[in-house]
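K.L.:
Okay, so the sequence shown: first residue is 14 according to this note's numbering, each after it adds one. By construction, the Cβ of each residue, glycine as well, lies at the ideal position given by its N, Cα and C atoms. Dropping a structure here in structure tokens format, bear with me for questions.
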Amino acid sequence: MTTATTTDPIKLGYLFAEIMSSHDLSRLDEIKAPNYVNHNAFAEPGLEGSKKALGAIIAGVPDLKVTAEDVFVSADGSRVVGRYRYDGTHTGNLLGYSGTGNAFAMRSIDIWRVENGRFVEHWDELNTLDVFIQMGAVSPPRQPS
14 MTTATTTDPI KLGYLFAEIM SSHDLSRLDE IKAPNYVNHN AFAEPGLEGS
64 KKALGAIIAG VPDLKVTAED VFVSADGSRV VGRYRYDGTH TGNLLGYSGT
114 GNAFAMRSID IWRVENGRFV EHWDELNTLD VFIQMGAVSP PRQPS
């Protein structure tokens with residue numbers, strides 16, 4: 014098991030992928046502070062809101078695996094930036110769409126602010142349109158004639 018430390022915040026970014034792939038969201042307490050702020054429209058406030066949103070994703074995609082493709086730390090150590098790949102099969106409700114049985118891959122870019130060895134604030138960019146297309150919930154855009 015990876016352990017996050019204040020002297021090596023890059024481990025937090027890799028531990029996030031490990032926790033998501035394990036589906037053990039109780040382990041988020043290892044990397045996120047109790048006063049966690051998430052700037053994501055899908056998540057309710059706080060650490061518990063983050064657990065609820067991530068739990069809903071795992072419920073809709075029970076075989077979800079998350080891979081950290083790149084993790085960087087700012088020069089002052091106050092920010093961790095990760096580029097992640099999410100792979101799974103849409104078998105349950107995901108963001109209001111019933112399971113389709115379709116596999117998908119999604120990439121995200123996440124930025125966290127770090128204090129005292131834990132994430133305290135989060136921003137992300139998700140390609141949810143691509144996920145909806147792969148799930149079959151949304152038709153792909155038409156190519157210009």
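The beta strand (DSSP E) that contains residue 100, what's its start and end?
P.N.:
The residue given as residue 100 occupies position 87 in the sequence shown. Note, residue 100: beta strand (DSSP E), 92–102.
K.L.:
Quick one: is residue 88 buried, meaning 16 or more other Cβ sit within 10 Å of its Cβ, or exposed?
P.N.:
Here residue 88 refers to the residue found at position 75 when the sequence shown is read from its first residue. It is exposed - the Cβ of residue 88 has fewer than 16 other Cβ atoms within 10 Å.
K.L.:
Between which residues of its own chain and residue 68 is the CB-CB distance below 6 Å, once the five residues before and five after are set aside?
P.N.:
By one-based count along the sequence shown, residue 68 stands at place 55. Excluding residues within five positions, the ones whose Cβ falls inside 6 Å are 38.
K.L.:
Just to confirm, are residue 73 and residue 109 a CB contact at a threshold of 7 Å?
P.N.:
For this step, residue 73 is matched to residue 60 along the sequence shown. For this step, residue 109 is matched to residue 96 along the sequence shown. Taking 7 Å as the Cβ cut-off, residue 73 and residue 109 do not qualify as a contacting pair.
K.L.:
Using only CA atoms, which one of 122, 131, 117, 93 lies nearest to residue 23?
P.N.:
Residue mapping note: residue 23 aligns to position 10 of the sequence shown, counting from 1. Ranking the options by Cα distance to residue 23, first place goes to 93.
K.L.:
In three-state terms, what does DSSP make of residue 143?
P.N.:
In the sequence shown, counting from the first residue as 1, residue 143 sits at position 130. Three-state result, residue 143: helix.
K.L.:
Going by CA-CA distance only, name the one from 135, 146, 51 that's closest to residue 91.
P.N.:
As a working note, residue 91 is residue 78 in the sequence shown. Closest by alpha carbon: 135.
K.L.:
Could you tell me which whole beta strand (DSSP E) segments of length 3 or greater appear in the stretch 23–63?
P.N.:
45–52, all fully within the stretch 23–63.
K.L.:
Distance, Cα to Cα, residue 50 vs residue 76?
P.N.:
Taking the sequence shown and counting its residues from 1, one reaches residue 50 at position 37. Taking the sequence shown and counting its residues from 1, one reaches residue 76 at position 63. Their backbone Cα atoms lie some 27 Å apart in a straight line.
K.L.:
Quick one: Cα of residue 152 to Cα of residue 70, how far?
P.N.:
Stepping through the sequence shown from its first residue, residue 152 is reached at position 139. Stepping through the sequence shown from its first residue, residue 70 is reached at position 57. Each residue's Cα considered, the two are about 21 Å apart.
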